[in-house]
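A.B. asks: Take this structure first; my questions come after.
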Amino acid sequence: MGGGARNSSIELLRIIAMFMILAHHFIVHNGYDVLKLPLGPERIFFQLVMAGGGKVGVVILFSISAWFLLDKEQTIKSNLKRVWIMERELLVLGVILVTFYLVFDRADLSMKLMVKSVMPLSMGVWWYATAYAIFLMLLPFLSKGLKALGREYHLALAATVLAIWGLTSIIPGMMGINDGFFGFIYLFILISAYKWYMEPFTTRQVWLMIGTGLGFFLLYTCASIALSLLGHDMGIFITGDWRLPVIMIGFGMFLLFDRVTFHNRTINRIAQSAFAVYLITDYAASEKLLWARLLNLQNLYQQPLAILRILGILLAIYAACTLLDFIRQALFAVTIDRRRGHWFDLLCSKAAKHMHNHSSID
4 MGGGARNSSI ELLRIIAMFM ILAHHFIVHN GYDVLKLPLG PERIFFQLVM
54 AGGGKVGVVI LFSISAWFLL DKEQTIKSNL KRVWIMEREL LVLGVILVTF
104 YLVFDRADLS MKLMVKSVMP LSMGVWWYAT AYAIFLMLLP FLSKGLKALG
154 REYHLALAAT VLAIWGLTSI IPGMMGINDG FFGFIYLFIL ISAYKWYMEP
204 FTTRQVWLMI GTGLGFFLLY TCASIALSLL GHDMGIFITG DWRLPVIMIG
254 FGMFLLFDRV TFHNRTINRI AQSAFAVYLI TDYAASEKLL WARLLNLQNL
304 YQQPLAILRI LGILLAIYAA CTLLDFIRQA LFAVTIDRRR GHWFDLLCSK
354 AAKHMHNHSS ID
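In our numbering, the protein residues as written are 4 to 365.
In structure tokens, the structure reads:
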């Protein structure tokens with residue numbers, strides 16, 4: 004896809020979603036527990052907007068991927084090739100990160116992490132990457148199966164999963180989805196049902212969906228504040244993984260941005276590195292270095308304009324990771340990427356030949 008082909012509106016949303024995820028990691032992986040902060044506007048902002056926003060960001064990122072995967076014919080080979088290229092990029096990045104931490108910050112690098120970084124997908128160094136790779140490997144079968152269901156059964160399936168995981172996700176103590184891969188399947192069933200069979204929502208309906216989701220967020224925030232005042236400091240339940248309001252806001256935001264089309268080279272370039280920002284900052288050693296040591300909430304929250312300062316620092320981290328990835332891309336372009344997936348294609352043609360020879364012997 005060339006620079007002009009991608010809708011910059013969606014690419015801008017990708018950048019926003021990744022920034023939301025970065026802000027989420029700052030809170031949830033911080034060396035200082037946000038619940039120990041005194042109850043006040045800052046803490047509520049950290050919990051609701053920053054910690055809660057990250058889950059919405061994950062829904063947005065997956066919605067973007069799923070929406071465009073639904074346009075293309077999914078073959079077993081094309082998806083394995085995608086996973087192959089991803090594994091290769093993660094492996095190279097893993098080696099770079101291990102090297103960096105060995106040289107500059109050995110204290111935060113465990114032996115276990117070094118070993119894991121050699122097989123990042125199967126060892127689950129990054130949960131999103133691993134869950135997404137499994138999803139891609141099963142996608143050809145999944146989309147064929149869903150297509151085969153036909154309209155009536157597919158919509159019934161969507162209604163069923165919404166009843167099982169949607170309605171129960173609003174009530175504390177009931178089963179939720181904690182697994183990334185299952186979350187992807189769940190969302191994919193819903194998004195494909197909407198894209199294939201439903202009358203597109205009007206812009207008003209989309210805003211209503213987002214508004215309802217935000218209404219739930221505020222309701223549960225009030226509950227969380229009330230519990231805090233009674234001496235029970237708790238997170239905001241509704242902002243958890245794959246909860247229905249999180250999906251409503253995330254998918255709603257995607258639909259809004261999908262309605263606008265414009266082209267901007269710079270936005271598209273920056274968006275290309277969005278995933279790298281996640282990979283660099285959510286590496287276990289980086290988590291310790293960034294969130295536990297350098298940017299500990301305990302030191303930051305008492306400063307004047309704490310929220311603005313923190314958001315500024317996070318923007319700077321985002322920019323730095325993007326620049327690092329630009330360097331990585333430039334290096335890849337002259338080395339590994341000259342023939343992207345070439346080894347994979349060679350292996351495939353070898354395997355195909357081998358199978359062909361065997362069948363002709365029989």
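Glycine included, C-beta positions come from ideal geometry on N, C-alpha and C. Remember, it's a predicted structure, so these values are computed and weren't measured experimentally.
Ignore the nearest five residues each way along the sequence and tell me which others in Phe240's own chain have a CB closer than 6 Å to its CB.
C.D. replies: Pro175, Tyr223
A.B. asks: Buried or exposed for Ala166, please, with buried defined as at least 16 other CB atoms from any protein chain shown within 10 angstroms of its CB.
C.D. replies: With a threshold of 16 other beta carbon atoms within 10 Å, Ala166 falls short and is exposed.
A.B. asks: Leaving aside the five residues before and after Asp108 along the sequence, list all residues of the same chain whose C-beta is less than 8 Å from its C-beta, in chain order.
C.D. replies: Ala288, Leu292
A.B. asks: Taking DSSP as the reference, what is the three-state secondary structure of Ile180?
C.D. replies: coil
A.B. asks: Taking C-beta to C-beta, are Ser66 and Gly253 nearer than 8 Å?
C.D. replies: yes
A.B. asks: With respect to the alpha helix (DSSP H) encompassing Trp210, which residues constitute its N-terminal and C-terminal limits?
C.D. replies: For Trp210, the enclosing alpha helix (DSSP H) starts and ends at 206–232.
A.B. asks: Below 8 Å, how does it come out for the region 152–167 and the region 228–239: are there three or more Cβ pairs, yes or no?
C.D. replies: no
A.B. asks: To the nearest angstrom, report how far apart Leu368 and Leu94 are at their CA atoms.
C.D. replies: With the chain covering only 4 through 365, there is no way to say anything about residue 368.
A.B. asks: Does the distance from the C-beta atom of Ala136 to that of Leu124 stay below 8 Å?
C.D. replies: yes
A.B. asks: For the region 290–316, which segments carrying the alpha helix (DSSP H) assignment without a break, of at least 4 residues, lie completely within its bounds, in sequence order?
C.D. replies: 300–303
A.B. asks: Is the beta carbon of Arg9 sitting closer than 8 Å to the one on Asn271?
C.D. replies: yes
A.B. asks: Note down, in chain order, each residue of its chain lying with its Cβ closer than 6 Å to the Cβ of Leu190, except the 5 sequence neighbours on either side.
C.D. replies: Cβ contact annotation for Leu190 (same chain, cutoff 6 Å, sequence separation greater than five): Phe65, in chain order.
A.B. asks: Evaluate Glu92 with the Cβ neighbour count: other Cβ atoms within 10 Å of its Cβ, from every protein chain shown; 16 or more gives buried, anything less gives exposed.
C.D. replies: buried
A.B. asks: Between the alpha carbons of Leu311 and Leu221, how many angstroms are there, rounded?
C.D. replies: 22 Å
A.B. asks: Can you list, in chain order, the residues of its chain with a C-beta nearer than 6 Å to that of Gly183? Leave out the 5 residues immediately preceding and following it.
C.D. replies: Trp130, Ala134
A.B. asks: Secondary structure at Phe347, three-state DSSP: helix, strand or coil?
C.D. replies: Under the three-state reduction of DSSP output, Phe347 falls in the helix class.
A.B. asks: So, with DSSP's three-state summary, where would you put Gln77?
C.D. replies: Coil at Gln77, not helix or strand.
A.B. asks: Please state if the CB of Gly216 and the CB of Lys58 are separated by a distance shorter than 8 Å.
C.D. replies: Cβ distance not < 8 Å, so Lys58 and Gly216 don't count as in contact.
A.B. asks: Select from Tyr156, Ile320, Phe278 the residue whose C-alpha is nearest the C-alpha of Trp294.
C.D. replies: Ile320
A.B. asks: Near Asp285, which residues of its chain fall below 7 Å by C-beta distance, leaving aside the five closest residues on each side in sequence?
C.D. replies: His28, Trp129
A.B. asks: Check each candidate in Phe329, His359, Ile173 and name the one with the smallest Cα separation from Ile250.
C.D. replies: Ile173
A.B. asks: Grab the span of the alpha helix (DSSP H) containing His157 for me, first residue to last.
C.D. replies: Membership of His157 in the alpha helix (DSSP H) is indicated by the continuous run 130–164.
A.B. asks: Evaluate the contact criterion for the region 95–107 versus the region 41–56: three or more CB pairs, one atom per stretch, below 8 Å.
C.D. replies: no
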